[in-house]
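There are 2 protein chains.
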Amino acid sequence: MSTTTSAATSIDTGALVDRQLPDLRDAVAAARSRTYLSRYSERITDPAYGDDPIAAGAAAFEALQERGLDLDQPTTGETVPGERSPYGPQLSISYPAVDPAALVAAARDAMPAWRDAGPDVRAALCVEILDRLGARAHELGQAVHHTTGQPLVMAFQAGAPHALDRGLEAVAYAWDAQIRHAASVTWEKPGKRPTIMEKRFHVVPRGVEVTIGCRTFPTWNGLPGLMASLATGNAVIAKPHPSSVLPLGIVVEVAQQVLTAAGFSAHLATLAADTPDRPLAIELATHADVKLVDFTGSTTFGDWLEANATQARVFTEKAGLNTIVIDGTEQAAAMFANLAFSLSLYSGQMCTTPQAVFVPRGGIDTDEGHLSFEQVGERLASALEDLLEPAKKGVEILGSIGDPAVVERIEEAAGLGTVVAESRALEHPAWPDAVVRTPLVVAVDAADADAWDTERFGPIGFLVATDGTDHALELVRDTVGRRGAITFGVYAGSDEVRAAATEVALDAGVSASFDLHGTVFVNQTTAFSDFHATGANPAANASLVDDAFVAPRFAIVETRWHPEG
Amino acid sequence: MSTTTSAATSIDTGALVDRQLPDLRDAVAAARSRTYLSRYSERITDPAYGDDPIAAGAAAFEALQERGLDLDQPTTGETVPGERSPYGPQLSISYPAVDPAALVAAARDAMPAWRDAGPDVRAALCVEILDRLGARAHELGQAVHHTTGQPLVMAFQAGAPHALDRGLEAVAYAWDAQIRHAASVTWEKPGKRPTIMEKRFHVVPRGVEVTIGCRTFPTWNGLPGLMASLATGNAVIAKPHPSSVLPLGIVVEVAQQVLTAAGFSAHLATLAADTPDRPLAIELATHADVKLVDFTGSTTFGDWLEANATQARVFTEKAGLNTIVIDGTEQAAAMFANLAFSLSLYSGQMCTTPQAVFVPRGGIDTDEGHLSFEQVGERLASALEDLLEPAKKGVEILGSIGDPAVVERIEEAAGLGTVVAESRALEHPAWPDAVVRTPLVVAVDAADADAWDTERFGPIGFLVATDGTDHALELVRDTVGRRGAITFGVYAGSDEVRAAATEVALDAGVSASFDLHGTVFVNQTTAFSDFHATGANPAANASLVDDAFVAPRFAIVETRWHPEG
Chain A
1 MSTTTSAATS IDTGALVDRQ LPDLRDAVAA ARSRTYLSRY SERITDPAYG
51 DDPIAAGAAA FEALQERGLD LDQPTTGETV PGERSPYGPQ LSISYPAVDP
101 AALVAAARDA MPAWRDAGPD VRAALCVEIL DRLGARAHEL GQAVHHTTGQ
151 PLVMAFQAGA PHALDRGLEA VAYAWDAQIR HAASVTWEKP GKRPTIMEKR
201 FHVVPRGVEV TIGCRTFPTW NGLPGLMASL ATGNAVIAKP HPSSVLPLGI
251 VVEVAQQVLT AAGFSAHLAT LAADTPDRPL AIELATHADV KLVDFTGSTT
301 FGDWLEANAT QARVFTEKAG LNTIVIDGTE QAAAMFANLA FSLSLYSGQM
351 CTTPQAVFVP RGGIDTDEGH LSFEQVGERL ASALEDLLEP AKKGVEILGS
401 IGDPAVVERI EEAAGLGTVV AESRALEHPA WPDAVVRTPL VVAVDAADAD
451 AWDTERFGPI GFLVATDGTD HALELVRDTV GRRGAITFGV YAGSDEVRAA
501 ATEVALDAGV SASFDLHGTV FVNQTTAFSD FHATGANPAA NASLVDDAFV
551 APRFAIVETR WHPEG
Chain B
1 MSTTTSAATS IDTGALVDRQ LPDLRDAVAA ARSRTYLSRY SERITDPAYG
51 DDPIAAGAAA FEALQERGLD LDQPTTGETV PGERSPYGPQ LSISYPAVDP
101 AALVAAARDA MPAWRDAGPD VRAALCVEIL DRLGARAHEL GQAVHHTTGQ
151 PLVMAFQAGA PHALDRGLEA VAYAWDAQIR HAASVTWEKP GKRPTIMEKR
201 FHVVPRGVEV TIGCRTFPTW NGLPGLMASL ATGNAVIAKP HPSSVLPLGI
251 VVEVAQQVLT AAGFSAHLAT LAADTPDRPL AIELATHADV KLVDFTGSTT
301 FGDWLEANAT QARVFTEKAG LNTIVIDGTE QAAAMFANLA FSLSLYSGQM
351 CTTPQAVFVP RGGIDTDEGH LSFEQVGERL ASALEDLLEP AKKGVEILGS
401 IGDPAVVERI EEAAGLGTVV AESRALEHPA WPDAVVRTPL VVAVDAADAD
451 AWDTERFGPI GFLVATDGTD HALELVRDTV GRRGAITFGV YAGSDEVRAA
501 ATEVALDAGV SASFDLHGTV FVNQTTAFSD FHATGANPAA NASLVDDAFV
551 APRFAIVETR WHPEG
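Pasting the structure below:
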């Protein structure tokens with residue numbers, strides 16, 4: 001284990017490795033056993049975050065806008081303007097404009113020393129990056145809040161601790177995959193005269209990685225690919241969505257601090273901020289030296305990348321059409337409350353939000369007796385009201401919609417069937433310019449596929465009348481195969497339905513949640529235990545996080561020779 | 001562990017799992033430690049293969065041609081004619097002609113039961129397939145001999161035991177990757193009221209796999225992808241090169257025997273024999289239900305598959321340009337003997353055969369004193385003569401060339417520089433129609449890149465005069481980056497050169513062998529210890545075998561629910 005501390009560096013990598021490796025081992029063990037593990041507290045008022053962490057986070061966020069990001073990377077000298085918050089304010093920050101080719105060249109030049117540092121040092125430094133981001137969790141949460149429009153508590157949780165836990169999971173997988181093979185061996189082939197060879201197995205990176213971030217979950221979706229790539233020896237370029245630059249900007253700033261403090265080049269992690277007028281994603285993703293691309297976003301662009309960035313391994317999470325099948329329940333009230341929350345959280349702008357809720361047109365049996373199709377709609381509508389009224393409470397679940405196209409989609413969808421729950425505008429008590437809308441729920445027949453069977457990202461749900469649960473499961477199998485899905489919820493009245501739904505889940509390659517009626521929602525997956533997306537249907541070609549997500553990020557180069565004598 | 005023995009089946013899968021799993025654990029341990037392991041004896045006269053195994057193998061090969069392959073799969077009713085042996089005879093066998101869409105549909109239908117069998121049963125049955133192929137090793141060796149033109153001992157070793165060991169390695173990796181995660185967990189999130197969930201993690205296959213086999217190493221290059229895919233729950237279709245159908249045909253016959261004996265569908269492994277007139281590779285590889293493609297062959301078609309079969313994960317091994325750098329040696333005679341063998345084995349028709357041998361134009365220092373560039377050429381030429389004379393001995397190293405294009409290339413290359421060693425035709429004592437050629441070695445200057453820096457597959461080597469070793473290493477770095485390479489050999493006069501060559505190997509992503517002067521040749525890699533190809537340069541996008549080769553062949557689908565009560 002080499003120690004790179006010198007006058008110019010302040011991180012003793014040897015000591016850091018000693019400190020972080022036991023935790024990494026625990027992380028690997030949790031990922032394999034799928035048991036609970038969280039390194040970064042999700043309690044927004046956890047004293048670990050300081051005395052008045054929310055206020056301190058807001059102050060740090062203001063100060064950050066004032067000072068700007070401290071980045072060391074090639075720039076054209078021009079700047080990219082900051083984002084406008086979905087809550088109203090223009091962020092008073094700007095970002096360095098970059099030339100993609102110059103950024104890739106700098107990234108490439110930085111790699112050999114990082115490669116030679118080896119898996120342990122790289123993993124320890126990646127955890128250090130995450131820990132320092134954890135120390136700035138509230139500031140990061142504010143940045144996510146004011147770029148994505150997520151409500152504050154969610155922005156903090158999903159944007160900081162949960163994202164950092166996913167990042168740690170990626171580092172743990174990447175580290176484990178690299179150290180699984182011996183680094184060297186004396187190989188002896190038996191025989192009258194045994195053949196002996198000394199062999200060394202060197203982990204080498206693939207090349208430069210580019211993360212193309214999404215508007216809604218810049219850190220949660222971005223950190224796994226960035227961290228897995230960095231941990232495996234690659235240099236990384238974060239290309240955020242133009243509406244959500246700052247969260248990944250903070251990640252890059254912290255990564256550069258840690259890397260340079262350990263004696264490595266800042267250019268191992270750089271930021272490629274761009275604008276809708278002059279997007280950089282294509283130029284970066286198809287650059288000959290870019291060998292890894294992580295993408296979260298639209299199906300159109302994800303498919304384009306898979307077909308065109310063929311010089312790279314492309315990991316995509318695209319759109320999908322998530323479904324719920326209601327067959328029956330023994331906990332009707334809790335089911336409707338759970339569903340109402342799933343539809344409402346962050347205005348339905350999650351890649352995991354259900355869109356189509358299949359209900360037999362003859363209704364369902366419940367602990368409260370038989371409910372007709374219409375009654376199911378009424379109960380869902382009233383659960384939405386209970387959840388989101390008064391507005392003060394509703395805005396903390398819905399957040400603010402940053403993308404005007406989402407609002408247009410709500411209006412369009414209202415005409416597609418019988419409105420069961422109207423989408424209403426709520427006034428945000430603190431941010432008058434915020435765009436807050438309650439979910440629209442429209443009842444349609446299964447035959448109206450034009451309505452429910454097209455992805456309509458946002459707070460838009462369809463109550464779809466089916467011939468019964470068998471019919472519903474066939475619709476799920478079909479739509480997942482064509483449109484893809486990340487989630488699939490089932491409220492099952494019998495073990496037979498549970499078994500049939502499991503069969504559909506396995507055939508279609510989508511994970512399934514059964515009978516959620518508490519504080520776990522179909523939208524949510526937790527690091528180390530739940531796999532987010534399967535990679536086995538059109539919604540994503542990768543899962544966060546498994547071996548298939550990390551193993552292609554490095555290669556093994558062997559050197560061999562006969563021992564002397 | 002379920003036992004599927006019934007009247008219709010003869011394999012007790014429970015007992016088989018009990019028997020095979022300890023060996024699989026040993027195989028996983030060997031792959032991780034990279035120590036020596038071989039399950040299938042490479043000794044051609046090993047009594048384990050019977051009393052007179054070579055004669056028995058030849059008889060079995062004749063009988064096989066007589067009876068034909070016993071295959072259960074959809075066919076058009078027409079047949080595909082058998083191959084002509086590079087040693088002369090026409091094989092008296094034919095293969096069922098297939099409709100690709102029908103074959104894929106049959107493969108797909110067979111998968112759910114195979115998926116539900118789970119990783120242990122699948123791995124045990126895959127090992128059983130390999131073991132039964134091991135029992136037919138000599139027959140398989142004859143099939144490889146008479147389709148590829150490899151000399152008999154090599155065809156036996158590379159085509160049977162070594163290929164089966166690689167197949168076992170693939171099964172071991174695939175099994176390990178699937179069982180690394182818990183199959184289920186009771187997850188408990190701490191809190192005042194802990195949140196508890198039951199979770200199951202189901203391994204699901206990607207879809208149908210297609211192996212597009214190569215002419216020269218149908219089993220050695222084909223078995224890893226076939227076995228890794230089958231072990232992870234996919235159905236496999238072997239699409240052999242039209243010149244080398246029978247070896248993969250035997251693999252499919254044995255796979256079907258084992259699968260059906262255990263109660264599974266024969267359609268999990270099928271054969272898609274085709275002809276140059278009506279090739280099936282494109283239709284198979286781009287079929288919507290084909291999700292995995294393994295390819296060994298030309299760079300042109302490999303690149304095409306990577307760019308066009310985007311519905312699948314495509315694993316390719318393509319052409320490359322392998323190099324040797326001679327800086328100096330303390331064992332000149334042994335070095336020349338080793339090089340001569342590397343250039344000669346199977347008429348240089350290995351993806352690992354060196355093509356360009358870089359020598360300083362000022363010569364090299366050796367244990368026999370300084371040798372000029374010309375003297376290096378003379379010594380290499382005389383080492384080739386020593387190795388290949390008399391013809392009786394030479395043919396057992398060279399084999400017979402099946403592809404007329406190879407012979408044309410030799411003639412073309414002879415005009416590209418100063419001939420150091422002429423390519424001579426040798427007469428095969430047993431097979432008068434065999435096409436046997438000794439290697440051509442041509443001396444050129446490094447500046448004559450048109451000569452040495454184009455892949456010329458076959459017994460064609462270039463002795464390339466350089467300014468010195470630094471120059472040679474820069475040429476290697478450049479050519480590996482552009483053309484790709486699977487092997488890189490170095491004869492180093494100093495530790496400095498060894499270090500510089502290692503740096504080039506890591507930068508270019510090619511494995512390096514230093515100072516080979518015994519019975520290990522740069523061309524050869526051994527299962528469980530050597531990685532064949534790195535996947536990190538243009539010669540291949542995958543390595544045989546590592547986690548990146550197996551992990552993308554399956555996905556994990558999760559089901560979760562709250563426990564009752």
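As given, the protein sequences belong to chains A and B, one line each in that order.
Residues in the first sequence are numbered consecutively from 1, following our numbering.
Residues in the second sequence are numbered consecutively from 1, following our numbering.
Beta carbons: idealized from backbone N, C-alpha and C, even for Gly.
Keep in mind that this is a model prediction, so the values were computed, not measured.
Using only the alpha-carbon positions, how far apart do residue i and residue j sit?
{"i": "B/M1", "j": "B/E128", "result": "For B/M1, the predicted model reports a pLDDT of 32, less than 50, meaning its position is unreliable; a value from the coordinates is still stated below. The alpha-carbon atoms of B/M1 and B/E128 are separated by roughly 17 Å."}
{"i": "B/E188", "j": "B/I556", "result": "21 Å"}
{"i": "B/R286", "j": "B/A55", "result": "Note on identity: in this sequence residue 286 of chain B is Thr, with Arg being the wrong assignment. Taking the straight line joining both Cα atoms gives about 43 Å."}
{"i": "B/E42", "j": "B/S342", "result": "19 Å"}
{"i": "A/P161", "j": "A/T525", "result": "13 Å"}
{"i": "A/G118", "j": "A/S298", "result": "36 Å"}
{"i": "B/V28", "j": "A/L516", "result": "39 Å"}
{"i": "B/V203", "j": "A/V203", "result": "28 Å"}
{"i": "B/G213", "j": "A/D365", "result": "56 Å"}
{"i": "B/M197", "j": "A/G458", "result": "28 Å"}
{"i": "A/T316", "j": "B/E412", "result": "47 Å"}
{"i": "A/D52", "j": "A/A158", "result": "20 Å"}
For a test of the three-state rule: what should DSSP assign to residue i, helix, strand or coil?
{"i": "A/A281", "result": "helix"}
{"i": "B/F531", "result": "coil"}
{"i": "A/R25", "result": "helix"}
{"i": "B/R313", "result": "strand"}
{"i": "B/W175", "result": "helix"}
{"i": "A/A465", "result": "strand"}
{"i": "A/F457", "result": "coil"}
{"i": "A/G489", "result": "strand"}
{"i": "B/A356", "result": "strand"}
{"i": "A/M350", "result": "coil"}
{"i": "B/Q65", "result": "helix"}
Under 8 Å by Cβ, that's how I've got residue i and residue j pegged, so tell me the actual separation to the nearest angstrom.
{"i": "B/T13", "j": "B/V171", "result": "Between B/V171 and B/T13 the Cβ distance is about 15 Å, and since that is not below 8 Å, they are no contact."}
{"i": "A/R206", "j": "A/R482", "result": "Wrong, their Cβ atoms sit about 32 Å apart, outside the cutoff."}
{"i": "A/V436", "j": "A/V407", "result": "Wrong, their Cβ atoms sit about 10 Å apart, outside the cutoff."}
{"i": "A/G540", "j": "A/A533", "result": "Reading off the sequence shown, one finds Ala at residue 540 of chain A, where the question assumed Gly. A/A540 to A/A533, Cβ: 4 Å. Contact."}
{"i": "A/R313", "j": "A/L284", "result": "That pair is no contact at about 15 Å."}
Mind listing which residues of the stretch 312-332 of chain A have their C-beta closer than 8 Å to chain B's C-betas, in chain order? none
Residues in the stretch 191-214 of chain A having any Cβ partner in chain B nearer than 8 Å: T195, M197, K199, F201, H202, V204, R206
Take every Cβ of the stretch 259-275 of chain A, pair it with every Cβ of the stretch 136-151 of chain A, and state whether three or more of those distances are shorter than 8 Å. no
Can you confirm whether the stretch 510-521 of chain A touches the stretch 156-170 of chain A when touching is taken to mean that 3 or more C-beta pairs between the two stretches lie within less than 8 Å? no
Would you say the stretch 380-390 of chain B touches the stretch 476-496 of chain B, given that touching needs at least three Cβ pairs under 8 Å? no
Residues within the stretch 340-354 of chain A neighbouring chain B, beta-carbon criterion of under 9 Å: none
Give me the subset of the stretch 372-393 of chain A whose CB atoms are less than 8 Å from a CB atom of chain B, sorted by chain position. none
In chain order, what residues of the stretch 499-525 of chain B put their CB closer than 9 Å to some CB of chain A? A501, T502, E503, A505, L506, D507, A508, G509, V510, S511, A512, S513, F514, D515, L516, H517, G518, T519, V520, T525
Three or more C-beta pairs closer than 8 Å, one from the stretch 133-147 of chain B and one from the stretch 80-99 of chain B: is that the case here? yes
Any contact of the stretch 95-105 of chain B with the stretch 256-266 of chain B, i.e. 3+ C-beta pairs under 8 Å? no
Taking beta-carbon pairs under 7 Å, can you tell me which members of the stretch 279-311 of chain B lie near chain A? E306, A307, T310
Counting pairs of Cβ atoms below 8 Å between the stretch 437-445 of chain A and the stretch 411-419 of chain A, do you hit three or more? yes
Taking only beta carbons into account, state which residues of the stretch 8-36 of chain B come closer than 7 Å to chain A, listed in chain order. R32, S33, R34, T35, Y36
Between the stretch 314-332 of chain B and the stretch 353-371 of chain B, are three or more C-beta pairs nearer than 8 Å? yes
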